[in-house]
Structures are given as C-alpha cells and as structure tokens.
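For the sequence shown, this note's numbering assigns the number 33 to the initial residue and increments by one for each residue that follows. Just so you know, even glycine gets a beta-carbon here, dropped at the ideal spot from N, CA and C. Reading through the structure tokens given below for one structure.
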Amino acid sequence: MIPFTFYRRFEADILAGRKTITLRSGSDADVAPGDILQVSRLEDGVSFCRLRVLSVTPVAFSALDASHARQENMTLPELKQVIGSIYPGIQHLTCIEFTLC
C-alpha cells in the first residue's frame, strides 16, 4: 500500500464518492493503475480510507474542463482557484482517477 494524503476539506467528498479524481504535480503523482493508496489527512496524519487507482493521465492546467471539476465536486472556477493555491503557476498536472476500496 502506498501512503497518500489529502487536505481535510476533501475527506467527506472522497468518502461519499463525490470526489473521484485528484490533480497533482509530477512529484505528488507517483502512482499507477491498480495501486492501493492508504489515505490520510495532510493536517494530522489520521488515516480515513483506502483507494484503488483506476487511471493516471497527464493534463495541462489550461485543459481543465467541466468534467474535471465535476469529478472533483467543484465548479471549474473553484477547481482552478484551488489548484492555483496549492500549486502556484503550475502548467502540467497529473489526473489520478480512483475509487474507494
């Protein structure tokens, strides 16, 4: 199992199946389809679920669309704002699609 973290604010959406992707920078995206992730909160390290990686694909920040936003349970403007605050100036991301184990 691979340790993986999310901000606390995403926990409820992940557990409810409303958030089914995560967009990460290259250094935060070293996973492959089939990998099992042991997920914990970034802020306090508390584990809250396991996820199975379904796909890993590159995506440009400029190519983010309503489909990505829907899978993140956000509007497109919200998604771009969140990504911009976590990874200022990033142009290339990795989209990791997952499901609860």
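| said: By the DSSP assignment, the beta strand (DSSP E) with Glu110 in it spans what residues? | reply: Segment Leu108 to Ile118 is the alpha helix (DSSP H) holding Glu110; no beta strand (DSSP E) there.
| task | Report, in whole angstroms, the separation of the C-beta atoms of Val78 and Ile34, which I expect to be a contact under 8 Å. | result | Not confirmed; about 17 Å, so no contact.
| field | Local Cβ density within 10 Å of Leu47, reported as buried at 16 or more and exposed below that | value | exposed
| said: Using the three-state DSSP reduction, which class does Glu104 fall into: helix, strand or coil? | reply: coil
| said: Quick check on DSSP: helix, strand or coil for Phe48? | reply: A quick correction: the sequence has Ala, not Phe, at residue 48. Three-state result, Ala48: coil.
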